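Residue numbers (the numbering used here): 4 to 315.
As structure tokens, then:
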């Protein structure tokens, strides 16, 4: 029986003990197994899982296509393949995720970072003029935004908050892994509730999915913590609350940078204007969706001082 086939239609992954297959055969049959279950990028998923199980890189697999694998090597892969076929995210199974060129620990304690958030970080980095800025990441999750900025701007003061203790524990583990434990101050806070400081930049990727839209999400996304996914009835409630809370926590000429959900930009741009933010602008993500909002608050009390952030 081939690796990756179902046994008697039960949906269980079956592989007889003491069964041998080559690396190429395992990749081919695992890819077929994933395709039957609607796993996107089936071959890539198969390569990642086999490389992980064997302690190899994906490139090394291509040099070992004819190598024969026995039960000792196939056994740990069998469980990974079945879990992936059931919709568990690849990043959870691998235990890590790549984000802005760095490797972060990734598990069910926090949202799996998305490519859109990488784009947010890239935009924010391009706007920072003062490398000694004081920066806050709200809803830090696994810490990818705060830690990426801490690595990019070693002179900046970085703070990160989250309402979830589990997420903060994961973020601290990532900080230690990257040698940045002393660079980011992590705190538990519901938005800005437990903060007294003022910041040059507040950046946030908050939950922005309406509870009623749960049915539109993929199996993979639903493995993320609900607290990291869902807001209220409309999906933009947490972002609106942050827009309300941020002005007293922003230094003069400070910037608020937000990642938002599909079709939320018009209402949130109006909310920024109503709260007297200025220099309001937006950018689309790579798929053409208006995904990122930027705005300043307050007048710069030091007109000769270079601005902390550039607004295009």
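The C-beta atom is built at its ideal place from N, Cα and C for all residues, glycine as well.
From a predicted model like this one, the values you see are computed outputs, not experimental measurements.
Contacting residues, own chain, Cβ-Cβ under 8 Å from residue i (five flanking each side not counted)
| i | result |
| --- | --- |
| residue 175 | 146, 184 and 189 |
| residue 110 | 95, 98 and 173 |
| residue 231 | 113, 114, 142, 144, 167, 170 and 210 |
| residue 193 | 166 |
| residue 314 | Residue placement at residue 314 cannot be trusted, given a pLDDT of 47 that sits under 50; the coordinates are not used to answer. |
| residue 217 | 225 and 233 |
Under the three-state DSSP convention, the category residue i falls into
| i | result |
| --- | --- |
| residue 188 | strand |
| residue 101 | strand |
| residue 241 | helix |
| residue 262 | strand |
| residue 13 | Only weak support is given to the placement of residue 13: the predicted model assigns it a pLDDT of 44, under 50, and the value that follows is read from those uncertain coordinates. Residue state, collapsed to three classes: coil. |
| residue 86 | helix |
| residue 137 | strand |
| residue 46 | helix |
| residue 25 | strand |
| residue 252 | helix |
| residue 298 | strand |
| residue 112 | coil |
| residue 293 | strand |
| residue 68 | coil |
Option in the options with minimal Cα separation from residue i
| i | options | result |
| --- | --- | --- |
| residue 65 | 29, 99, 207 and 100 | 29 |
| residue 293 | 276, 282 and 267 | 267 |
| residue 68 | 88, 79, 31 and 93 | 31 |
| residue 127 | 105, 62, 151 and 219 | 151 |
| residue 237 | 254, 253 and 212 | 212 |
| residue 156 | 52, 135, 148 and 92 | 135 |
| residue 276 | 253, 191 and 246 | 246 |
| residue 37 | 81, 77, 271 and 252 | 81 |
| residue 43 | 87, 295 and 195 | 87 |
| residue 138 | 262, 201, 105 and 46 | 201 |
6 Å Cβ shell around residue i - same chain, five flanking residues per side excluded
| i | result |
| --- | --- |
| residue 75 | none |
| residue 260 | 127, 206 and 297 |
Proximal residues to residue i (C-beta, below 7 Å), its chain only, five neighbours per side dropped
| i | result |
| --- | --- |
| residue 70 | 25 and 26 |
| residue 121 | 102 and 103 |
| residue 222 | 90 |
| residue 117 | none |
| residue 177 | 107, 108, 145, 146 and 150 |
Contact check, residue i vs residue j, beta carbons under 7 Å
| i | j | result |
| --- | --- | --- |
| residue 49 | residue 79 | no |
| residue 23 | residue 73 | yes |
| residue 233 | residue 214 | yes |
| residue 288 | residue 119 | yes |
| residue 140 | residue 224 | no |
| residue 33 | residue 84 | yes |
field: Completely contained beta strand (DSSP E) runs for the segment 143 to 219, where each covers 3 or more residues
entry: 160 to 165, 187 to 191 and 202 to 208
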